[in-house]
Amino acid sequence: KKKVIFAMNSVSGDNQGPCLFSIKVNDISCEGIRQNLKPLLTSASANDFECKSELEFLLLRAAYYDLPHMNLYGHTICDAHYNYLTKRFPRTACNVCKTIFNYDSNSKNDLRRITRIIAYGIWQEHQLSVFDETMCGGCPKKLQKKYLTKDIIEESGNILSWLYDDNTYFTPSTISSTGHSVYQSNDDLDLQCDRKHHFKEFLVNNGFQGRVQMTESYGNMLRKSRQNFLRQIKIILLFILQILAPNDFNQVWEDLIEFHIEETKQSYNIDGKFGIVMGCISDAYGNANHWSTRRQLLSIVAQEVPLYIIQQFIPDTSNAA
41 KKKVIFAMNS VSGDNQGPCL FSIKVNDISC EGIRQNLKPL LTSASANDFE CKSELEFLLL
101 RAAYYDLPHM NLYGHTICDA HYNYLTKRFP RTACNVCKTI FNYDSNSKND LRRITRIIAY
161 GIWQEHQLSV FDETMCGGCP KKLQKKYLTK DIIEESGNIL SWLYDDNTYF TPSTISSTGH
221 SVYQSNDDLD LQCDRKHHFK EFLVNNGFQG RVQMTESYGN MLRKSRQNFL RQIKIILLFI
281 LQILAPNDFN QVWEDLIEFH IEETKQSYNI DGKFGIVMGC ISDAYGNANH WSTRRQLLSI
341 VAQEVPLYII QQFIPDTSNA A
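Heads up: the sequence shown begins at 41 in the working numbering, then just goes up one per residue.
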C-alpha cells in the first residue's frame, strides 16, 4: 500500500495571515512558519486518491465540512497544524468500535482507512473528525448501511468543490468587490475566531466540562445531527443560566420558553387575519381524505409557522407530518 507523504513548501516571512486551522483544530497550538494556502491547491500536491489537492485533504482531516464559502486569500497554515494534519495514523486498532458503536474494545482485525463518504456521514451525525483514520473489517457494513445514501455521497463529494474557483476565492479583489457577498476578509475571520475562542474559554474557566460544538451550516445538517446539536446547545444555555440565576435556573428556562411561545403567538395575531387563514387550512385538512392532500396543505405554512402554532389549529400535527 502506497504511503502518502506531503512535502512542506518553503515559505517567505510575508505569510503572516491567520492560520485557518487554529480554531477548528484547537487542541494544537499554532507554531512555526506559516505558508499560504494557494500553493496547496494544485493537483500536483494531491497525493490522496480521494482529494483533488492537498488543501482539500487538510480540510477533510480537520473536519472542516462546515467551512463557509469565503475568500481564502491571505490565510495560512502553520507548521504545527500542517505536521499534525499530514501525520499518518498508525493502523493499529479501529477508531470506530468504541466511539460509534460503544463496544468494550476496539478491534484490531482487518484494518483499513475511513473513507471520505463514511467520514462525512459520521461527522453529520456525531460531529467527529475521522477522515483517513482506521476502522476494522466489521464496522464498514454497518456504516455503509447507514451512510451510503445518495444525499451523503453527493454532499461529501461536492462539499469543498468551491475551493477550485481560485479566481474568486484566492484573489484580493473579491474581498472588496461587493458589499453583500458571502466572502469573508481576514479581519472578519479573525473576529469570528476570537469570538469562538473567548466563548469556549469563558465556559471552561467557569467549570463547563461538556462539548462545545459550533457550526456555520446548521441548515445542511441531517435531522439527527440537528437534534444532537440542539441538545448540546440546551446544555450550554442551562449552564449559563446557572451563572445568571443559580437558584432558579430551571424555572427561568421554563419561563423563557413560555415567554417565547406567547411572544410568537402575539406576533402571528391569531385572532386576526392569520387566524382566519389558518382556520380555513384546518377545515380543508380535516375534510381531506388522502394523506398526500393533507401533506400539501401543511406544506403551505410549515416553512413559516412554528409547529406549536400549527398544532393550535390542527392538533394531530407532528414533526413526522
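Cβ coordinates follow ideal geometry from the N, Cα and C atoms, glycine included.
Cβ neighbours of residue 217 in the same chain (closer than 7 Å, five flanking residues each side left out): No answer about residue 217 holds up, because its pLDDT of 39 lies below 50 and its placement is not dependable.
Beta bridge counterpart(s) of residue 116 as assigned by DSSP: 59, 76
Residue 223 versus residue 188 - alpha carbon distance: Residue confidence for residue 223 is low, a pLDDT of 42 falling below 50, so the modelled location carries little weight; the figure read from the coordinates is stated next. Each residue's Cα considered, the two are about 32 Å apart.
Option nearest residue 135 by Cα separation, candidates 111, 180, 108: 180
Among 332, 241, 172, nearest to residue 126 - alpha-carbon criterion: 172
Local Cβ density within 10 Å of residue 115, reported as buried at 16 or more and exposed below that: buried
Reference residue 178, options 195, 154, 205, closest by Cα: Closest by alpha carbon: 154.
Alpha helix (DSSP H) segments (min. 4 residues) lying fully within the region 156–201: 156–166, 179–187, 190–198
Helix, strand or coil at residue 334 according to DSSP, with G and I counted as helix: Correct three-state label for residue 334: helix.
Extent of the continuous alpha helix (DSSP H) run through residue 324: 313–327
As assigned by DSSP and simplified to three states, the class of residue 255: Three-state result, residue 255: coil.
Local conformation of residue 351 per DSSP, three classes: helix
Other residues of its chain near residue 219: CB distance less than 7 Å, five sequence neighbours each side excluded: Unreliable placement is indicated for residue 219, whose pLDDT of 38 sits below 50; the coordinate value is still reported in the next sentence. The answer is none, since no qualifying residue turns up.
Sequence-distant residues of the same chain with beta carbon closer than 6 Å to residue 98, five excluded per side: 125
Identity of the residue in 79, 199, 93, 294 nearest residue 274 by Cα: 294
Residue of 174, 318, 169, 151 minimising C-alpha distance to residue 337: Put simply, of 174, 318, 169, 151 the residue whose alpha carbon is nearest the alpha carbon of residue 337 is 318.
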